[in-house]
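K.L.:
Below you'll find the structure I mean.
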Amino acid sequence: MTVVTAPLAGRVIPLADTGDPVFSGGLIGPGVAIDPARAPGVAVAPVDGTVAWARPHAVVIVDGAGRGVLTHLGIDTVELAGEGFELLVGKGEVVTRGQPLIGWDPAGVEAAGKSAVCVVVMVATEVTGQDQELAGVCQGADVTPGDTLFVWA
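Take a look at the structure:
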């Protein structure tokens, strides 16, 4: 069982409300989106594990059970080429839940014409495959970093 916690403060919304067909269609995996608070801040690790992939706007952490969790800040923010983001971890780094991953400014992302909605999803790995079920998803709740978003049973 993997407990995934909020990497930032905001309101939990369904992936279907992200406006992005890849995330809303569950093509990466199941999870939730967070409409974040607009103050500059830091996204933190939602699980303990090893950074498997890191970009200025997104990080995948694989936990001890081999389960990958993607934290993606904003929609289509790859197009910003790192502008407005500060990556604080690197591939292969071991991180603990709550450790800072990425500094960013959600209002700046919106000023650049992108959505600030963040996505936290499970990604298939060699261990988990595509069969992923989530429990305890807290849709519609206001969360702060460290609050439980869902459990991967």
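Remember, the numbering used here sits 15 above the position in the sequence shown when you count from 1. Yeah, the Cβ is synthetic: ideal placement off N, Cα and C, and Gly gets one too.
(1) Taking the beta carbon of residue 16 as the centre, do at least 16 other beta carbons fall within 10 Å, making it buried, or is it exposed?
(2) Apply the 10 Å Cβ neighbour rule to residue 42 and answer buried if 16 or more other Cβ atoms are within range, or exposed otherwise.
(3) Report the partner residues of residue 76 according to the DSSP bridge assignment.
(4) Compute the Euclidean distance between the alpha carbons of residue 136 and residue 24, then round it to the nearest angstrom.
(5) In whole angstroms, what separates the C-alpha of residue 19 from that of residue 122?
(6) Here's a check: name, in chain order, each residue in its chain whose Cβ is nearer than 8 Å to the Cβ of residue 72, leaving out the five neighbours to either side.
P.N.:
So, to answer that:
(1) Flag for residue 16 reads exposed.
(2) So residue 42 counts as exposed.
(3) Beta-bridge pairing links residue 76 to 66, 84.
(4) Cα to Cα, the separation comes out at about 16 Å.
(5) Approximately 25 Å between the Cα atoms of the pair.
(6) By the criterion of a C-beta distance shorter than 8 Å, residue 72 is surrounded in its chain by 87, 88, 89, 92, 93, 95, 97, 100, 117, 119, once the five residues flanking it on both sides are discounted.
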